[in-house]
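Residue numbers 0 to 170, in numbering that gives the first Met the number 0, belong to the letters of the sequence shown in order.
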Amino acid sequence: MRSTRDDAWMRSLFAQHADEIRAYCVRRTDSHAADDLVSEVFTLAWRNRSKVPDEARVWLYATARNVVLHAQRSHTRRLRLVTEAGAVADGRNHSAESASRALAESLLSDLPEADAEVLRLAVWEQLTSAEIAQVLEVGDDVVRARLSRARRRARALVADLNSPESERSAK
């Protein structure tokens with residue numbers, strides 16, 4: 000049953016966290032899809048309000064992560080169906096922002112998914128290792144090890160991109 004207290008809780012939760020959850024979603028999808036994903040995250044918070052902890056930030060990130068992953072899987076399935084049907088469309092935006100994002104995503108796609116996600120949470124979302132551990136439902140020591148490994152692998156990929164050999168092969 001809905002109460003005035005529940006309504007106030009939801010308004011407060013949304014006011015405190017909607018911007019950062021939207022930013023999380025935008026960095027993983029695009030601004031149009033992000034609005035729908037944020038709506039889904041807060042709808043789930045509303046439906047599960049008795050289970051949402053008082054410090055809801057990490058719960059919201061974990062929920063957003065699951066919602067984004069589900070949306071990405073759905074998007075991949077739709078793309079595969081379109082491709083299989085022979086209908087390929089190029090709707091990419093070639094702005095500087097999307098080029099930078101494409102470069103970052105390309106780099107992240109060359110990393111194992113666990114490494115890429117831990118870097119996204121640490122760098123883009125600026126979560127602490129303890130918060131990342133809660134989002135990923137793993138131990139803090141696992142997060143620290145993944146972060147160290149992911150940073151080392153990312154540095155190696157950037158070094159490969161900047162090596163003279165890769166510049167020659169690009170020409």
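Even for Gly, the Cβ is constructed at its ideal location relative to N, Cα and C.
As the structure is a prediction and not an experimental result, all values here were calculated from the model.
I'd like to check one pair, residue j with residue i: are the Cβ atoms closer than 8 angstroms?
{"i": "Ala7", "j": "Val40", "result": "no"}
{"i": "Ala208", "j": "Leu118", "result": "Outside the displayed span of the chain (0 to 170) sits residue 208, for which this structure offers no information."}
{"i": "Trp45", "j": "Pro52", "result": "no"}
{"i": "Ala129", "j": "Leu146", "result": "no"}
{"i": "Ala132", "j": "Asp139", "result": "yes"}
{"i": "Arg48", "j": "His16", "result": "no"}
{"i": "Ala14", "j": "Cys24", "result": "no"}
{"i": "Val66", "j": "Leu110", "result": "no"}
Nearest CA to the CA of residue i: which residue from the options?
{"i": "Leu135", "options": "Asp114, Arg151, Gln71 and Ser147", "result": "Asp114"}
{"i": "Glu112", "options": "Glu130, Leu68 and Thr127", "result": "Leu68"}
{"i": "Ala70", "options": "Arg56, Asp29 and Arg48", "result": "Asp29"}
{"i": "Glu124", "options": "Met9, Thr3, Arg21 and Arg10", "result": "Arg21"}
{"i": "Glu116", "options": "Ala33, Ala155, Asp5 and Arg26", "result": "Arg26"}
{"i": "Leu107", "options": "Ser11, Asp35, Val157 and Arg4", "result": "Val157"}
{"i": "Glu19", "options": "Ala103, Leu126, His31 and Val137", "result": "Leu126"}
Assign residue i to one of three DSSP states: helix, strand, or coil.
{"i": "Asp53", "result": "coil"}
{"i": "Glu136", "result": "coil"}
{"i": "Gln175", "result": "The chain is shown only over 0 to 170; residue 175 falls outside these bounds and no answer can be derived."}
{"i": "Arg48", "result": "coil"}
{"i": "Asp114", "result": "helix"}
{"i": "Leu120", "result": "helix"}
{"i": "Pro15", "result": "The question names Pro, but residue 15 is Gln in the sequence shown. Reduced to three states, the DSSP call for Gln15 is helix."}
{"i": "Leu126", "result": "coil"}
{"i": "Ser105", "result": "helix"}
{"i": "Asp6", "result": "helix"}
{"i": "Asp159", "result": "helix"}
{"i": "Thr42", "result": "helix"}
{"i": "Asp34", "result": "helix"}
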